[in-house]
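Going by our numbering, the sequence shown runs without a break in its numbering and finishes at 370.
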Amino acid sequence: MNLILTPFLWFKREFIPFRTLDRYLFFDFFKTFIGTLIMLTSMIVIYKFTDVMKYLVSSKVNQSHVYLHVLYSLPSMVDQVVAPALMFSVCFVIGQFSVNKELVAMMVAGVSFIRIITPILFFGIAMWLIMTFFGQTVVIPANKKAQIEFSIMAKGSNRLIDFVYQLHIKGKKGFYYVYWIDEKENTVKGGFNYIEITPDGYPTYTVSSQKAKYIPNPHSWVLYDAEEVRFNENLELVSRTKYAEKTYDFPEDLAYFSKPVRNPEEMNFFELADEIESRITKGIPFRNVIVQQHMAFAMPLMSFVVVTLGALAGAITKRSAGVASLGLTIAVVLLYYILNSTAKTLAENGALPIWIGMWITPVIFTYAAYFLYRRMNI
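Next up, the structure:
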């Protein structure tokens, strides 16, 4: 019991109430972080607005969709800049303390370097958990709404988007081949073909038509100019019948074909699990969905990694803290994204096991921080 309580008792002794030294360092860091976060987010908002400004002129739909698209994209922008803002802030503040010899004075007074930066490290861990929760509950739902607004804008500019053309897909009881979908009319045009398969893998009947209309209520499909071919258990032809119009109760609805593959980056952890099951049913590869499941927790870990590296890098800063912090932030964040993106691609393509591909980058950077700390004489 004492072993379990020891960390909590230490935390209470050291940080409750907050000491003057902790308040001085942490709030200086926190103010810099908030200011940097706002500045970087504002820059991305300006870039995003200029990128979609063409829709204000060319789109025939209400211009409010352009502004809503930018608004719904805001949480994603914040999510993108949190790690760079953390890295720059901690590196800048610790660097200032190092350049001004305040860091040396603290350690001469008997406070270890690890104890000095502990509040910032705790903040990094908290940001890992916060950004994981923020990504799942705020960023992903907002991204979905942003994509809807973008689709409306794009279609208003006469651009093809969400367009399904010549799709072959597996259903619950058989296989479909559809030509193209007119969502406004709930209709598949140019060709609709279906073959029903028994659990043993044998066809029972096939049907083909020039056009198929989906009726939501009651759930049914109306096929026009259809030809139905039925087989017996020996795969012998039983009948071949043509219909000008016939209704079928296929299990799938129009959305099953109009959006056969959803973007994993627009789904939360639970939706990703459902998507894996859906893709297995449809016979669609789902490795990238499993990768995204790991990504949901591995990517926010970058918040803690950059805080750790930033604190250590700031401690050895000997020149202008601002210039050094900016250079280190760009280098570390860029390298992190490059390695993580490469490992993700390898994992999606099967060149690396998924768990290695998604966790190797934070592990490498965490080890780099530990190695740097062991080499430093602090």
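A virtual CB, placed ideally from N, CA and C, is assigned to each residue, including glycine.
1) Using beta-carbon positions only, say whether residue 335 and residue 283 come within less than 7 angstroms of one another.
2) Distance check for residue 368 and residue 111, CA to CA, integer angstroms please.
3) Could you give the distance in angstroms between the alpha-carbon of residue 240 and the alpha-carbon of residue 266?
4) If you drop the 5 nearest sequence neighbours on each side, which residues of the same chain put their C-beta closer than 8 angstroms to that of residue 41?
5) Under three-state DSSP, which class holds residue 154?
6) Can you tell me the Cα-Cα spacing of residue 259 and residue 292, whole angstroms?
7) At the level of alpha carbons, what is the spacing between residue 56 and residue 65?
8) Report yes if the C-beta distance between residue 140 and residue 306 is below 7 angstroms; otherwise report no.
9) Which whole-angstrom value describes the C-beta separation of residue 376 and residue 295, a residue pair presumed to lie in contact below a C-beta threshold of 8 angstroms?
10) So the beta strand (DSSP E) residue 174 belongs to, where does it begin and stop?
11) With DSSP collapsed to three states, give me the class of residue 43.
12) Quick check: what's the CA-CA separation for residue 289 versus residue 69?
13) Hey, quick one: how far does the beta strand (DSSP E) through residue 196 stretch, first residue to last?
14) Rounding to the nearest angstrom, what Cα-Cα distance links residue 137 and residue 54 in this structure?
15) If distances are taken between C-alpha atoms only, which option among 308, 321, 356 comes closest to residue 92?
16) Restricting to runs no shorter than 4 residues, where is the alpha helix (DSSP H) found entirely within the stretch 274 to 362?
17) Do the CB positions of residue 321 and residue 98 come within less than 7 angstroms of each other?
18) Taking 7 angstroms as the cut-off, decide whether the C-beta atoms of residue 238 and residue 264 are in contact.
19) At which residue ranges does the stretch 78 to 158 contain complete alpha helix (DSSP H) runs of 4 or more residues, listed in the order of the chain?
20) Might you give, ordered along the chain, the residues of its own chain that have their beta carbon closer than 8 angstroms to the beta carbon of residue 36, omitting 5 neighbours on each side?
21) Put residue 217 into one of helix, strand or coil per three-state DSSP.
22) For residue 218 and residue 230, which I take to be in contact (beta-carbon distance under 8 angstroms), what is that distance rounded to the nearest angstrom?
23) Rounded to whole angstroms, what's the CA-CA distance from residue 269 to residue 278? Just pull it up for me.
24) Going by C-alpha distance, which of 247, 212, 190 is nearest residue 223?
25) Please determine, among 47, 345, 114, 300, the residue with the shortest C-alpha to C-alpha distance to residue 325.
26) Taking all protein chains shown into account, decide if residue 366 is buried (16 or more other Cβ within 10 angstroms of its Cβ) or exposed.
27) With DSSP collapsed to three states, give me the class of residue 28.
28) With H, G and I counted as helix, E and B as strand and the rest as coil, what does DSSP make of residue 239?
29) Considering just the uninterrupted stretch of the beta strand (DSSP E) at residue 188, what are its terminal residues?
30) For residue 243, which option in 234, 162, 271 has the closest C-alpha, if you only look at C-alpha atoms?
31) Are residue 226 and residue 256 close, meaning C-beta to C-beta below 7 angstroms?
32) What does the alpha-carbon distance come out to for the pair residue 172 and residue 204?
33) Would residue 372 pass as a contact of residue 25 if the rule is Cβ separation under 7 angstroms?
34) Would DSSP call residue 227 helix, strand or coil?
Here's the rundown:
1) Residue mapping note: residue 335 aligns to position 343 of the sequence shown, counting from 1. Residue mapping note: residue 283 aligns to position 291 of the sequence shown, counting from 1. No.
2) Counting from 1 along the sequence shown, the entry for residue 111 is found at position 119. Counting from 1 along the sequence shown, the entry for residue 368 is found at position 376. Whole-angstrom Cα-Cα distance: 20 angstroms.
3) For the purposes of this step, residue 240 is identified with residue 248 of the sequence shown, where counting begins at 1. For the purposes of this step, residue 266 is identified with residue 274 of the sequence shown, where counting begins at 1. In a straight line, the C-alpha of residue 240 is about 27 angstroms away from that of residue 266.
4) For the purposes of this step, residue 41 is taken as the residue at position 49 of the sequence shown. The answer, listed in chain order, is 62.
5) Counting from 1 along the sequence shown, the entry for residue 154 is found at position 162. With a pLDDT of 49 at residue 154, under the threshold of 50, the modelled position of that residue is not reliable, and the figure given next carries that caveat. Residue 154 falls in the coil class under three-state DSSP.
6) Taking the sequence shown and counting its residues from 1, the one referred to as residue 259 is at position 267. Taking the sequence shown and counting its residues from 1, the one referred to as residue 292 is at position 300. Taking the straight line from one Cα to the other gives about 16 angstroms.
7) The residue given as residue 56 occupies position 64 in the sequence shown. The residue given as residue 65 occupies position 73 in the sequence shown. As the crow flies, the alpha-carbon of residue 56 is around 14 angstroms from that of residue 65.
8) Counted from its first residue, the sequence shown places residue 140 at position 148. Counted from its first residue, the sequence shown places residue 306 at position 314. Going by C-beta atoms, residue 140 is not nearer than 7 angstroms to residue 306.
9) Beyond the ends of the chain as shown, which are -7 and 370, falls residue 376; an answer cannot be given.
10) As a first step, residue 174 must be located in the sequence shown, where it is residue number 182. From DSSP, the beta strand (DSSP E) with residue 174 extends over 166 to 174.
11) Within the sequence shown, the letter at position 51 stands for residue 43. Taken through DSSP and simplified to helix, strand or coil, residue 43 comes out as helix.
12) Here residue 289 corresponds to residue number 297 of the sequence shown, with the count starting at 1. Here residue 69 corresponds to residue number 77 of the sequence shown, with the count starting at 1. One C-alpha to the other measures close to 18 angstroms.
13) For this step, residue 196 is matched to residue 204 along the sequence shown. It spans 195 to 207 - the beta strand (DSSP E) in which residue 196 sits, taken as one unbroken run.
14) The residue labelled residue 137 in the question sits at position 145 within the sequence shown. The residue labelled residue 54 in the question sits at position 62 within the sequence shown. Each residue's Cα considered, the two are about 16 angstroms apart.
15) Numbered from its first residue, the sequence shown carries residue 92 at position 100. Answer by Cα proximity: 308.
16) 279 to 290, 294 to 307, 313 to 340
17) On the sequence shown, position 329 is the one that residue 321 refers to. On the sequence shown, position 106 is the one that residue 98 refers to. Cβ distance not < 7 angstroms, so residue 321 and residue 98 don't count as in contact.
18) For this step, residue 238 is matched to residue 246 along the sequence shown. For this step, residue 264 is matched to residue 272 along the sequence shown. Not closer than 7 angstroms, so no.
19) 94 to 100, 105 to 126, 132 to 148
20) Mapped onto the sequence shown, residue 36 falls at position 44. Closer than 8 angstroms at Cβ, skipping near neighbours: 69, 72, 73.
21) For the purposes of this step, residue 217 is identified with residue 225 of the sequence shown, where counting begins at 1. Residue state, collapsed to three classes: strand.
22) Within the sequence shown, numbered from 1, the residue matching residue 218 stands at position 226. Within the sequence shown, numbered from 1, the residue matching residue 230 stands at position 238. Not a contact, Cβ separation roughly 17 angstroms.
23) Residue 269 sits at position 277 when you count from the first residue of the sequence shown. Residue 278 sits at position 286 when you count from the first residue of the sequence shown. Roughly 9 angstroms between the two C-alpha positions.
24) Residue mapping note: residue 223 aligns to position 231 of the sequence shown, counting from 1. When each option's Cα is compared against that of residue 223, the closest is 190.
25) Numbered from 1 along the sequence shown, position 333 holds the residue referred to as residue 325. Of 47, 345, 114, 300, the residue nearest in Cα terms is 300.
26) In the sequence shown, residue 366 corresponds to position 374, counting from 1. Exposed: under 16 other Cβ atoms inside 10 Å.
27) Residue 28 sits at position 36 when you count from the first residue of the sequence shown. Residue 28 falls in the helix class under three-state DSSP.
28) Along the sequence shown, one-based indexing puts residue 239 at 247. Assigned with DSSP and collapsed to three states, residue 239 falls in strand.
29) Looking up residue 188 in the sequence shown gives position 196. First-last of the beta strand (DSSP E) with residue 188: 179 to 189.
30) Position 251 of the sequence shown, counted from the first residue, corresponds to residue 243. Of the listed residues, the one whose Cα sits closest to residue 243 is 162.
31) Residue numbering aside, residue 226 sits at position 234 when the sequence shown is read from its first letter. Residue numbering aside, residue 256 sits at position 264 when the sequence shown is read from its first letter. Against a cut-off of 7 angstroms, the Cβ pair of residue 256 and residue 226 comes out as no contact.
32) Locating residue 172 in the sequence shown gives position 180, counting from the first residue. Locating residue 204 in the sequence shown gives position 212, counting from the first residue. Rounded to whole angstroms, residue 172 to residue 204 spans 11 angstroms at the Cα level.
33) Nothing can be reported for residue 372, as the shown portion of the chain is limited to -7 through 370.
34) Against the sequence shown, residue 227 aligns to sequence position 235. Coil at residue 227, not helix or strand.
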